[in-house]
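Written below as structure tokens is the structure these notes are about.
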DNA sequence: CTCCTGCACTTAAAGGTTTTCGGAAACGTA
DNA sequence: TACGTTTCCGAAAACCTTTAAGTGCAGGAG
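Chains as they are written, first to last, in my numbering: chain A, 1128 to 1464; chain B, 1128 to 1464.
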């Protein structure tokens, strides 16, 4: 802990110039003689001078700081988005002020006020699910971008993964493997993610003229439910040859349950998961074919559009970003496994 | 996006007082008449005035902001620490500026400079492992606290989980269950965490006068290694009745491998994991008895001590925080399972 | 010689808030 | 009335940086 920090004043007097000249020299302005600039730079280095971002921000009205407001403490979806955003910002010298509202609207309001008082240039709001959430953008003096969970207000800027398209892609993959008795196990129906993925399944099957094997099974997003669903499904529809699961946890549970009932994965039943949560998707046996929502890309995109919005070029609406199917052993063709 | 933001000047003129009086009224100072204070508060509410934290910080030299510097992008350990810190700060109106160095020293330096230029009041450095890391505190004008990964400099303030004690506790738990042929499978020996946990095993066994079953098996922190280790171990030491694993991933793999070889968990072999990574520890069958490092508590403690250090009351040294054994089915007494 | 131009630098203002100090009014006391 | 005390409020400085405007000087053109 050194003493008082050097100001541009100290630099100027050490270099024997005025603070205006010092400022110009440090910022690379042109009307400074090379020799003078050299002296100033040397003085700054000597004092290890760091310009005070507060003073600069006070003057310019720009803090080069954005607030990131997340609701899911556990961070399973928020973290990749955060990393993507931090990545996009890091390149441009931006900083991220992180706040966790813990799903509490009051706390969220509180955090928004605190961020505004710190004069952030913009806000990214990360939802805990893809369900639309109340807008906070009303009367806010800075632009806001919603990531993962879109705003209810279509005038806001939101970025969400294309759950419908991804589910369709997963089913098309199963169809391409020759599977025709395809079932779907997913999470609670009050999740838009569950409904969207079901919709994608329906579309892909309709397009191919194939009937879904049994009803969609809605439960929770857990491994336990996957095991339980395996029991029920294999009882009701014993001849299924493929299952698309709404999460990797469900898929891992299904694999376990199906194997206990003597089904081989992927030979008897091909399985596709969702989320590409590495600890599950790559470590289970067989490794899971699964949908990767590209959340880091989503976060980066949201950050880039926040930049644009700060510069006045907002692009209102809910933008869906494509997902990616990561193919692994759980849908390998029969001959190979 | 409203127009220009209200300043205390606007509030003062709307209330018909000077800015000094407005400031005093807003900050609850005593030498303001009640009626005047009322007028000022009403004016502030009317304009939805938010004091400019930059101006305030410029004057007071305190930004009520701390920097959190993390190295592990994946965030398995960083995130809980971050949440704990955010929790401790949130209560006191502090904000967290998040930076991810991605394990790159250059980038880290860059971030430190950026944070310093923003005049953070302090820094928390979160390591990616418990291996000691180079200090950054030298000549820094603000206090620094290290969490999870301690600083190499004993003059710094560091908080780490008590890996030795936790491993001993895990082994004592197995001994209390009557197990006497206890093996240990863990991660790479260049991790201090692996060496510490091994040391804890050694101490607990020595104290009880029990020999370890076979050599400690060092591999990687993966489920795959756990499966592989199960094969090797059951070949070399077929009569083991308990295994302490260096991570939940290894434990999950071991359970799988042991079961394939006909061992029942926990009846034949009791298993203890490490990390309490919920997706593994609660969802596997049987649910894993495991060590919880209380990382949120660690983060919160680090944050609180950073507060203290900001106030000039630093407590140098490496402080170890106790872990907690979470007992689940994988070590249930024989009769019950 | 005067005027103009361009260069290198300085002065001063601005940005929003807090705080110290001083002033004015009201009130009580002699 | 004169004076001291209390209460409430205002003027101005301070924090640090950037930038518009201005100053002084040298050299070239007329």
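Heads up, the beta-carbon is just placed ideally off N, CA and C, and yes, glycines get one too.
Pick from the options that is closest to residue i, judged by C-alpha positions
i, options, result
"residue 1309 (chain A)", "A:1145, A:1243 and A:1344", "A:1344"
"residue 1316 (chain A)", "A:1257, A:1299 and A:1297", "A:1257"
"residue 1183 (chain A)", "A:1215, A:1246 and A:1234", "A:1246"
"residue 1427 (chain A)", "A:1439, A:1303, A:1448 and A:1411", "A:1448"
"residue 1372 (chain A)", "A:1284, A:1329, A:1159 and A:1311", "A:1311"
"residue 1482 (chain B)", "B:1359, B:1273, B:1275 and B:1370", "As shown, chain B starts at 1128 and ends at 1464. That puts residue 1482 (chain B) outside it, with no answer to give."
"residue 1394 (chain B)", "B:1274, B:1461 and B:1431", "B:1461"
"residue 1185 (chain B)", "A:1134, A:1253 and A:1391", "A:1134"
"residue 1274 (chain B)", "B:1219, B:1205 and B:1314", "B:1205"
"residue 1313 (chain B)", "B:1389, B:1279, B:1264 and B:1379", "B:1379"
Whole-angstrom distance between residue j and residue i, CA atom to CA atom
i, j, result
"residue 1250 (chain B)", "residue 1459 (chain A)", "49 Å"
"residue 1434 (chain B)", "residue 1419 (chain A)", "40 Å"
"residue 1357 (chain A)", "residue 1281 (chain B)", "55 Å"
"residue 1442 (chain A)", "residue 1424 (chain A)", "17 Å"
"residue 1155 (chain B)", "residue 1266 (chain A)", "28 Å"
"residue 1161 (chain A)", "residue 1145 (chain A)", "16 Å"
"residue 1368 (chain B)", "residue 1301 (chain B)", "9 Å"
"residue 1293 (chain B)", "residue 1376 (chain B)", "17 Å"
"residue 1262 (chain A)", "residue 1347 (chain A)", "27 Å"
"residue 1457 (chain A)", "residue 1269 (chain B)", "52 Å"
"residue 1238 (chain A)", "residue 1451 (chain B)", "32 Å"
"residue 1465 (chain B)", "residue 1181 (chain A)", "The displayed coordinates of chain B run from 1128 to 1464. Any statement about residue 1465 (chain B) would go beyond what the structure contains."
"residue 1179 (chain B)", "residue 1248 (chain A)", "13 Å"
"residue 1295 (chain A)", "residue 1402 (chain A)", "15 Å"
"residue 1320 (chain B)", "residue 1335 (chain B)", "23 Å"
"residue 1176 (chain A)", "residue 1236 (chain B)", "15 Å"
"residue 1132 (chain B)", "residue 1453 (chain A)", "48 Å"
"residue 1330 (chain B)", "residue 1339 (chain B)", "11 Å"
"residue 1306 (chain B)", "residue 1354 (chain A)", "31 Å"
"residue 1437 (chain A)", "residue 1217 (chain A)", "16 Å"
"residue 1361 (chain B)", "residue 1382 (chain B)", "12 Å"
"residue 1390 (chain A)", "residue 1411 (chain A)", "16 Å"
"residue 1272 (chain B)", "residue 1234 (chain B)", "19 Å"
"residue 1464 (chain A)", "residue 1209 (chain A)", "For residue 1464 (chain A), the predicted model reports a pLDDT of 45, less than 50, meaning its position is unreliable; a value from the coordinates is still stated below. Between residue 1464 (chain A) and residue 1209 (chain A), the C-alpha separation is close to 38 Å."
As assigned by DSSP and simplified to three states, the class of residue i
i, result
"residue 1227 (chain A)", "strand"
"residue 1288 (chain A)", "strand"
"residue 1317 (chain B)", "coil"
"residue 1262 (chain A)", "coil"
"residue 1147 (chain B)", "helix"
"residue 1374 (chain A)", "coil"
"residue 1461 (chain A)", "coil"
"residue 1344 (chain B)", "strand"
"residue 1415 (chain A)", "coil"
"residue 1397 (chain A)", "strand"
"residue 1451 (chain A)", "strand"
"residue 1442 (chain A)", "coil"
"residue 1190 (chain B)", "coil"
"residue 1197 (chain B)", "strand"
"residue 1437 (chain A)", "helix"
"residue 1305 (chain B)", "coil"
"residue 1360 (chain B)", "helix"
"residue 1140 (chain B)", "helix"
"residue 1232 (chain B)", "helix"
"residue 1271 (chain A)", "strand"
"residue 1293 (chain B)", "helix"
"residue 1408 (chain B)", "helix"
8 Å CB neighbourhood of residue i in its chain, flanking five on each side removed
i, result
"residue 1242 (chain B)", "1194, 1196, 1224, 1226 and 1250"
"residue 1455 (chain A)", "1408, 1409, 1413, 1414, 1415, 1416 and 1417"
"residue 1129 (chain B)", "Bear in mind that the predicted position of residue 1129 (chain B) carries a pLDDT of just 48, short of 50, making it unreliable; the figure below should be weighed with that in mind. The answer is none, since no qualifying residue turns up."
"residue 1289 (chain A)", "1447, 1448, 1449 and 1450"
"residue 1303 (chain A)", "none"
7 Å CB neighbourhood of residue i in its chain, flanking five on each side removed
i, result
"residue 1230 (chain B)", "1198 and 1255"
"residue 1404 (chain B)", "1375"
"residue 1171 (chain B)", "1138 and 1153"
Cut-off 6 Å between Cβ atoms - residues of its own chain near residue i, not counting five sequence neighbours on either side
i, result
"residue 1167 (chain A)", "1142, 1149 and 1152"
"residue 1277 (chain B)", "1259, 1285, 1287 and 1445"
What are the residues of the region 1156 to 1181 of chain A that lie near chain B, defined by any Cβ-Cβ distance shorter than 7 Å?
1177, 1178, 1179, 1180 and 1181
May I ask you to list, following chain order, the residues of the region 1326 to 1352 of chain A that have a beta carbon less than 8 Å from some beta carbon of chain B?
1349, 1350 and 1351
Looking at chain B, which residues of the region 1261 to 1272 of chain A have a Cβ within less than 8 Å of any of its Cβ atoms?
1266, 1267, 1268, 1269 and 1270
For the region 1235 to 1248 of chain B, list every residue whose C-beta sits within 7 Å of some C-beta in chain A, in sequence order.
1240, 1241, 1243, 1244, 1245 and 1246
Residues from the region 1383 to 1405 of chain B in contact with chain A, defined by Cβ distance under 9 Å
1383, 1404 and 1405
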